[in-house]
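First the structure, in the form of structure tokens, and then the observations on it.
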Amino acid sequence: MKKGLLLLLLTLTLHTVAQKNTNIWHFGAKAGLDFNTTQSFTSSNLGVINNVPKPIAGFFTTTEGCFSLSDKLSGELMMSSDGSTIYNKSGAIMANGSGLLGNSSSTSSGIVVPFPGNRNLYYVFTVSDVTAARNGINYSIVDMTLNSGLGGVDPARKNINLSLGTSGYTKTDVAENIAAIQHTNGTDYWLVSRFRNVILVWQISASGVSEPTVYTTGHSVGVHPYPVGGGIGYLKFNSDGSKFLFFDHLYAAGTKSWLTIADFDRSTGTVSNIKERTATEFGSPYALEFSISGEYVYVTTVEYGSANGLYLAKVSDIENLSVATIPVTKLANDISCVQMGADGRIYGIAYNSRNLYIVLNPDSGNGEVALLANYLLSGTAGRYGLPVFAVSFFKSEPVQSKEIICAGISNTYKITVSLGGIARLATLKWNFGDGTIITETLPAGSASGTYSYNHTYASTGTYTVSVIPGIDDGDGIVYEDADKVSEKTFDVVDCSIISNRMIRRDVKRD
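Just so you know, the sequence shown maps onto residues -20 to -1, 1 to 490 in mature numbering (1 follows the signal peptide of the UniProt record, and there is no 0).
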């Protein structure tokens, strides 16, 4: 009888939850993707791929840089840009939204960051290219209350040049990279850029943008035209913001590509453990994206006049300077840029192509890349860039309970979560399948950790338990994504209907 009792280990996996503010992408030659609406598509190499974002038309043509922002609750587009012009959700130029000092030929022409303490305002940081005006990094403030909710750029706070502090450099030295990550306080942000022989970190708070903290590096990032291509390449954080990686893309014959990888403390903005090395194993590296765990990085090479491609490497191998050559695996040809999607998969594009590429399970390291031929809308095409975002993610380890779940006896359910970027855990909605639905409000600023809840089932039976996380990015609005809920069906048994006393003791003891 003891063997007949169900010995259950409850496991319930919550998948990655990204807020919907990254759901609309505009890029390339008026191309776009909509993660609010998905469909199935037959790939050229891996059969039918489900839940592929719908292809849409974008508002602009950009050679490289672009950025966008969607409403975090509805996923509706709020703004998109090539770095020089901001478009509203209707596709019209936003009020006072032209003449920004970014450039469509800059690797990262800009990024949108919420204004701490005011949910209606947004910082738009723009980055110039290294071959023309060299305007450095500037910011403008977008007010979404203007023009009946279509937004507008504040004329008094437009194209404000960002201080380079004690770096000793001027705006003409700035490279084409920028990245943002949220502070652990859940409100402020950090902005990071790498150029020449420095890394600069600015804090963005309700009182404004701070003077930067300056960190010195060994390798000096070149500025075009010498060495050719210097200062071009992406800088990105991993999902929890603990590391960032930058590639200095050099493509002329006889030059070498370099990378910088470093640790980052989101509570202090401190950069540490800076490591640099050549990166010729990747060819002429340009774009990159981490897997959610941070174990792997996917890197594109852009060889002007020859084939582009996608490479896979372990982050630990990149950091291991004692190994002269970084072990890399080439996964595909043609891919010019990659970016993490709202679904946790990594998407890639190719120059002047309608093809879409999807790394289906980036953390597996198995190298599977689905090719969706001519997936983008007719008349559109990819170029060299995809939109960049302030990193946000939510993931969890399996929920656990006791092995035996008995009716009438309280049982503890635990869930371990990891958060990063703009994600802050505000609530956990527990649904135990017996009519009991509890929305647990967590202390302000709750982050990574283990959370538990006790529940007693009154009757035996088969029940389905589910957990939905509520996320707050610092503006006080809790976002629940019921589409991401995971479920586990299990049995609750009557532990008292065992007549033999010795067997009862055995059950309790085991």
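Glycine included, each C-beta is placed from N, C-alpha and C at the ideal position.
By the CB criterion at 9 Å, residue 158 and residue 172 fall inside the cutoff. In the DSSP assignment, residue 12 forms a beta bridge with 6, 36. In the displayed model, residue 42 falls within coil according to three-state DSSP, outside both helix and strand. Residue range 101 to 107 is occupied by the beta strand (DSSP E) that includes residue 104. Around the C-beta of residue 261, 16 or more other C-beta atoms lie within 10 Å, and the residue is accordingly described as buried. Beta-bridge partners of residue 419 (DSSP): 409. Counting only residues of its own chain and dropping the five nearest sequence neighbours on each side, residue 294 has a CB closer than 7 Å to the CB of 275, 276. In this structure, residue 365 places its C-beta atom within 9 Å of the C-beta atom of residue 267. Below 8 Å, enough C-beta pairs join the stretch 8 to 23 and the stretch 41 to 60 to call them touching: three or more. Every alpha helix (DSSP H) of 4 residues or more that sits fully in the stretch 222 to 304 is shown, in chain order, as 295 to 299.
Around the beta carbon of residue 438, fewer than 16 other beta carbons sit within 10 angstroms, so the residue counts as exposed. For residue 350, the enclosing beta strand (DSSP E) starts and ends at 349 to 352. For residue 434, the uninterrupted beta strand (DSSP E) segment begins and ends at 429 to 435. Secondary structure at residue 135: helix, using DSSP grouped into helix, strand and coil.
When only Cα atoms are considered, residue 237 and residue 305 end up about 13 Å apart.
The DSSP-derived three-state label of residue 476 is coil.
In the displayed model, residue 328 falls within a strand according to three-state DSSP.
Between the stretch 188 to 200 and the stretch 61 to 68, the count of C-beta pairs closer than 8 Å stays below three; the two stretches do not touch.
Per DSSP, the continuous beta strand (DSSP E) segment holding residue 338 begins and ends at 336 to 339. The beta carbons of residue 298 and residue 317 sit about 19 Å from each other, so the pair does not count as a contact at 8 Å. Between the C-alpha atoms of residue 127 and residue 102 there is a straight-line separation of about 15 Å.
When 392, 473, 451 are compared, the shortest CA-CA separation from residue 441 is found for 473. In the structure shown, residue 146 falls within a helical segment according to DSSP collapsed to helix, strand and coil.
Per DSSP, residue 369 is not a residue of any beta strand (DSSP E), being assigned neither H nor E. DSSP, reduced to helix, strand and coil, places residue 394 within a strand of the structure shown. In this structure residue 139 touches residue 120 by the C-beta definition: roughly 6 Å separates them, less than 8 Å.
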